[in-house]
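Numbering (the working numbering), first residue to last: 1 to 271.
Ideal Cβ placement from N, Cα and C applies to all residues, glycine included.
One structure below.
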Ligand SMILES: [Zn+2]
Ligand SMILES: [Zn+2]
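So this is what it looks like as structure tokens:
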């Protein structure tokens, strides 16, 4: 089974770099070189000013063999996300795909930044997890996202809740299912201190029980991270019996079978 799609990439990285052929073409070249045929540009919404739709259109014209999706990663940044939301609403019809994520917790805490282990150690970990999933639910319900990114990012440094979260996660996933939102399988967790796929096997099992479809993703902040560990991800998906992934065009979701890929694509309207 070969994975062909990466629905989480950051061509701008961690700063504003307006889209241009110079910036984007190397990502298309690298995608092609590693066997990807479908990928989404999903820069952080705080850099939305760098997303130049005409440049994405030119990139598509220059690379007709690739499906290149216009996207964004919308999070709950206390400073920038109000403008990010307004931008997503304004450009909804030009966007193919919106990722939803939570990067900030109580007290405007950017919990996933390097060095935040000390703050994890200081806080009540059950309260941290509760706060995190409340914010995930709000994002899933926002009506502005097609797919939830790295659903259990809060585990990034390996701090675990002391109580079972099965019931809470069941409710969270139920809302994701109700909202017609997909779930990302992200290899980024394998390069973080936790060393585990986002989300965990337990969450994947619960999501499958609710027939929530998935995307495959690397969260690449350099083009060389695109498709990272996709063989390993494919092996895990096989173990779970996951044999199709979602692709998006103008927010319309299509499920593509992985064995025969597009040849046996079936239209799927989830709700
Ligand atoms: Zn993220
Ligand atoms: Zn990201």
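{"Query": "Beta-carbon proximity of residue 206 to residue 173, cut-off 8 angstroms", "Result": "yes"}
{"Query": "Those residues which DSSP pairs with residue 67 across a bridge", "Result": "38"}
{"Query": "Three-state secondary structure (DSSP) of residue 130", "Result": "helix"}
{"Query": "Sequence-distant residues of its chain with Cβ nearer than 7 angstroms to residue 137 (five each side left out)", "Result": "172 and 175"}
{"Query": "Spatial neighbours of residue 192 in its chain, beta-carbon cut-off 7 angstroms, leaving aside the 5 residues before and after", "Result": "156"}
{"Query": "Beta-bridge partners of residue 109, as assigned by DSSP", "Result": "105"}
{"Query": "Own chain residues within Cβ distance below 6 angstroms of residue 87, not counting five before or after", "Result": "48"}
{"Query": "Classification of residue 53 by the beta-carbon crowding that lies within 10 angstroms, buried from 16 upward", "Result": "exposed"}
{"Query": "Cα-Cα separation between residue 99 and residue 122, rounded to whole angstroms", "Result": "30 angstroms"}
{"Query": "Straight-line Cα distance separating residue 124 from residue 259", "Result": "45 angstroms"}
{"Query": "Cα-Cα separation, residue 147 to residue 203", "Result": "15 angstroms"}
{"Query": "CB contact flag (residue 214, residue 5, <8 angstroms)", "Result": "no"}
{"Query": "Separation of residue 8 from residue 219, as counted between CA atoms", "Result": "5 angstroms"}
{"Query": "Check: residue 8 C-beta below 7 angstroms from any heavy atom of ligand 2", "Result": "yes"}
{"Query": "Beta-carbon proximity of residue 73 to residue 149, cut-off 8 angstroms", "Result": "yes"}
{"Query": "Check whether residue 51 and residue 38 have beta carbons under 8 angstroms apart", "Result": "no"}
{"Query": "Endpoints, alpha helix (DSSP H) assigned at residue 33", "Result": "21-33"}
{"Query": "DSSP three-state assignment for residue 254, whether helix, strand or coil", "Result": "strand"}
{"Query": "With 16 other Cβ atoms within 10 Å as the buried cut-off, status of residue 16", "Result": "exposed"}
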